[in-house]
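Participant:
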Amino acid sequence: MAKLVVLKFGDGGFNQGFTVTLQIGEESDRPSTEITGKLPPCPDILLYYSRWQSTYLQLGNGYRLDADKIQVTNVSITQDCHELALIVRARFNTWLQAQEFRPLREKWLEKLQPTDEIRVILQSENSQLQRLPWHIWDLLERYPKAEIALSSPSYELIHKRRTPNPTVNILAIVGNSQGINTQADQAMLQNCPNADVSFLVEPQRKELTDYLWGKSWDILFFAGHSSSQGHDGTGKIYLNKTDSLSIGELKYALKQAIERGLQLAIFNSCDGLGLAKELADLNIPQIIVMREPVPDQVAQEFLKYFLLSFANGEPLYQAVRHARERLQGLEDRFPCATWLPVICQNPAQIPLSWEELTEPLTQPIFNDVPPVYKKRGLKKVALSSLVVTAVVCGLRFLGALQTVELQAFDQMMRSRPDEGPDPRILIVTIDDEDLANQRRNGESLKGTSISEISLNQLLAKLAKYQPKAIGLDIYRDFPAEKPDLISRLQQTNNLIGVCKGSDTSSNTKGIEPPPEISKERLGFSDFVHDADGVVRRHLLFMNQETASLCSTPYAFSTQLAFRYLSSSGIQPKFTTGQSINNLQLGNTVLHRLSSRVGAYQGIDANGGQILLNYRASKKIAEQVTLTQLLSSPINPNAIKGRIVLIGVVSKGDFPDYWGTPYGGRLDEQMPGVMVQAHMVSQIISAVLDGRTLLQVWIPGLEVVWIGVWSGLGGFLVWKWPLFPNLALAVGISSSVLYLLCLGLLVWGFWVPFVPSALSLVSTVTVISIQNSQSLRKHREQGIGDREEGVRV
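Note that the UniProt record's numbering numbers the sequence shown so that position 3 is 3, with each residue one more than the last.
1. List the whole-angstrom C-beta distance separating L275 from V289, where the pair is believed to meet the contact cut-off of C-beta under 8 angstroms.
2. Indicate whether V342 and A146 have their beta-carbon atoms separated by less than 9 angstroms.
3. Between F574, T508, G447 and L583, which has its C-alpha nearest H538's C-alpha?
4. Report the residue from L303, L254 and E292 whose alpha carbon sits nearest the alpha carbon of residue 808.
5. In this structure, does DSSP put F366 in helix, strand or coil?
6. Which residue or residues does DSSP assign as beta-bridge partners of P203?
7. For the candidate residues I474, R592, I158 and S617, whose alpha-carbon lies nearest to that of L611?
8. Helix, strand or coil, according to DSSP, for P31 in the structure here?
9. At what residue ranges does the stretch 150 to 181 contain a whole run of the beta strand (DSSP E), taking only runs of 3 or more?
10. Going by other Cβ atoms of all chains shown within 10 Å of its Cβ, with 16 needed for buried, is Q130 buried or exposed?
11. Ends of the alpha helix (DSSP H) at R537?
12. Could you tell me if T429 is buried or exposed, where buried requires 16 or more neighbouring beta carbons within 10 angstroms of its beta carbon?
13. Using a threshold of 8 angstroms, is the CB atom of H591 nearer than that to any non-hydrogen atom of the ligand SAM?
14. Which whole-angstrom value describes the C-beta separation of L716 and V764, a residue pair presumed to lie in contact below a C-beta threshold of 8 angstroms?
15. Evaluate contact between the stretch 86 to 96 and the stretch 27 to 44, counting only Cβ atoms and requiring at least three cross-stretch pairs below 8 angstroms.
16. On the premise that I247 lies in contact with L220, defined as a C-beta separation below 8 angstroms, what is that separation, rounded to the nearest angstrom?
17. Are there 16 or more other CB atoms within 10 angstroms of the CB of D422, so buried, or fewer, so exposed?
18. Just verifying my parser: in three-state terms, what is the DSSP assignment at G641?
19. Restricting to Cα atoms, I'd like to know which of L565, C499, L250 and W134 is closest to Y554.
20. Mind checking V736: buried by the 16 CB within 10 Å criterion, or exposed?
21. Just how far apart, CA to CA, sit G608 and Q628?
22. Expressed to the nearest angstrom, what Euclidean distance is found between the alpha-carbon atoms of S177 and S227?
23. For G261 versus D218, is the C-beta distance shorter than 9 angstroms?
24. Please list, in chain order, all residues of the same chain as Y56 whose beta carbon is under 6 angstroms from its beta carbon, the five residues on each side excluded.
25. For G713 versus I767, is the C-beta spacing smaller than 9 angstroms?
26. Of the residues T19, D116, L157 and G60, which one's Cα is nearest the Cα of E100?
27. Only counting the same chain, and skipping five residues up and downstream in sequence, which positions put a Cβ closer than 6 angstroms to that of Q256?
28. On the DSSP bridge list, what partners appear for V342?
29. Could you give the first and the last residue of the continuous alpha helix (DSSP H) run that contains A463?
30. Look at the alpha carbon of S151 and the alpha carbon of K8, and state the distance between them as a whole number of angstroms.
31. Would A85 pass as a contact of C336 if the rule is Cβ separation under 9 angstroms?
32. Is the Cβ of V764 closer than 9 angstroms to any Cβ of chain C?
33. Pairing CB atoms from the stretch 519 to 533 with CB atoms from the stretch 485 to 497, are three or more of them under 8 angstroms?
34. Under the three-state reduction of DSSP, which class applies to R439: helix, strand or coil?
35. Apart from the five residues on each side of it in sequence, which residues of its chain come closer than 7 angstroms, Cβ to Cβ, to L758?
36. Throw me the rounded Cβ distance for the V88 and Y49 pair, which I believe falls under 8 angstroms.
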């Protein structure tokens, strides 16, 4: 974790000494350590620095100073400059090792490790104190990842968030270049990766102002001549051969640029502390200047090394230190080149990396929220995710999400890939035309949908082609009158008839079976539907009530499957030694639903219920009408070895239609015989083909699944807090969730989609609201309040 160290110099001077406060803490938090000490009077340090400065200026060396003041004498006094620099270094470090300052020094050594990445900010209003070469402090040199910056005690945070830029937008001003080579600066800027550089070469004042107002800039760069003049050290830049400007004369344009996101100003020109002071008053986040006149070649080399490091991912402070130390290779010709570059910092801002300048929306929390909130962000994410998960699971337990969960389930069932019809089933349908034909032929329907004559002809014709099982899905709760039909019903061993069990909701005792068919060849036709009237479950068997008119324990579909599978030597049995006895056919176990599972709340577990995995097909099986089968020749292969289901599809006098996941409205409902075909197909396909049966996870695993998506929602809003990226991330995550749930459903697992999506979106919403409130509260409290010691 990076460290932030603040040295605050109070009232005083070199003749009286300074009160100094040292604060140490994590980069993203309030100071964890604070100690106050004192630096004793040391007026001679200014004298030594002044002598060094005078000697340095006499070197000439092609400074980027006011073009009218460029010296060309080039007197050979390099050795004197080196010697005076050593004296300044020694006297400076002696002063910082004073007894009164020792407690601060020891606290520094105690709290900071040499491997720490450290930003040091020196806050003082004393311009002479700021001019000193603080980087030569022996304590700083012990820490290879430490760099110092200058700051005024007065600063403010720019509250407006910076405008997102897809590239690093650089406004490069090339001013008066008399006697220096600024083309090298231009070439280096043009080689920056992922940067959009706009050059203004010796611009007029209005042109520069228009550019500052016209676009969102990340970096402002100046190369050319500059100087700090007057008793107050006012900085000036020389735009062209005739015009110069102070920062104050660009005040409004610069304020606009800063409010729109300007992060860094680099003045690769001479004597920039005056410029930095005025820019700091505008609260620009970071400024890099040269504290003294800078030789042209030194300026070029610094820019080259800085851009190389910064654009390749190093933090700004580390990039400045790296570039500054690389200048040591030039000090044989340009003494004290490493003394020149200096950072001026607005303490209310955290320096952005090059990558963050191109991806401004990837900050963990809003860019203008203090890091103390960023640190708390993950805790807030975890807590909010847990709370949302608990609330969603609670709503689900109470059944509040049942309707939408079932609708989502139906949508996924309809979205599965087509499996094609089941080739082992043939459905003989009785439609309105079949009913009309029977009436025209004078056949008596006698309260049913098929006459005795037609039924006898149908069974006789089917028997010729040897189907494995025949299912008569038509109620016949009365005895047959014709002897040949009576005999056929009694002797057709592969014929399965239907009856209906007791219905407690309507207080009926059910519907009797055909008296000619023995109990072993009967199945109940009862369906289990949900509150919306849709059949999503398959009732395999149940214990009939004593008074029920239908006493068979097995469903119509189950009996047909038994008949079909018995020819393959597969006999039904029940698993033993378990809390729930499940029906087993061969190696396939049909696991019963528990009383409370998945989206179903309060399921009546009487009987063996499984989820009905409808076959994903436009039609479940090949179909033929009653009239077609009786009047036309039939391909024997269409019947032999198959299960033949006989049922009504007419919506006339005997409607038998049910809501399914493929449609619940009256005009979309499925005939009962088709539903029976799906049920029969589910059983035999699972046993013979290994087709998946639908299962649900245990409740604990479902809670974990919902919690994972809630946690993902928290992570998304923590990672991408601003709307455009967050909305995209939530949309992608929801789509992935849906595809995962659909894929799992195809593989046989119904996992909760709606609760997971709800928890994801709810967590994003809750944390976004919390962030907004925290941000508003933080702003109202006043970010950057010095008395409270808030640092961003």
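Using N, Cα and C, we set each Cβ at its ideal position, and we do this for glycine too.
Facilitator: The structure says:
1. 6 angstroms
2. no
3. L583
4. Outside the shown range of the chain, which is 1 to 792, sits residue 808, and nothing can be said about it.
5. Note that F366 scores 40 on pLDDT, short of 50, meaning its location in the model is unreliable and no value can be drawn from it.
6. Bridge partners of P203: none, in fact.
7. R592
8. strand
9. 168 to 174
10. buried
11. From DSSP, R537 is part of no alpha helix (DSSP H) but of the beta strand (DSSP E) over V535 to F541.
12. buried
13. Of ligands this structure carries none, so the ligand SAM is not represented either.
14. 6 angstroms
15. yes
16. Not a contact, Cβ separation roughly 11 angstroms.
17. buried
18. coil
19. C499
20. exposed
21. 37 angstroms
22. 14 angstroms
23. yes
24. C81
25. yes
26. T19
27. W213
28. V289
29. E452 to K464
30. 9 angstroms
31. yes
32. Protein chain content of the structure displayed is limited to a single chain, and chain C is not contained in it.
33. yes
34. helix
35. V392
36. 6 angstroms
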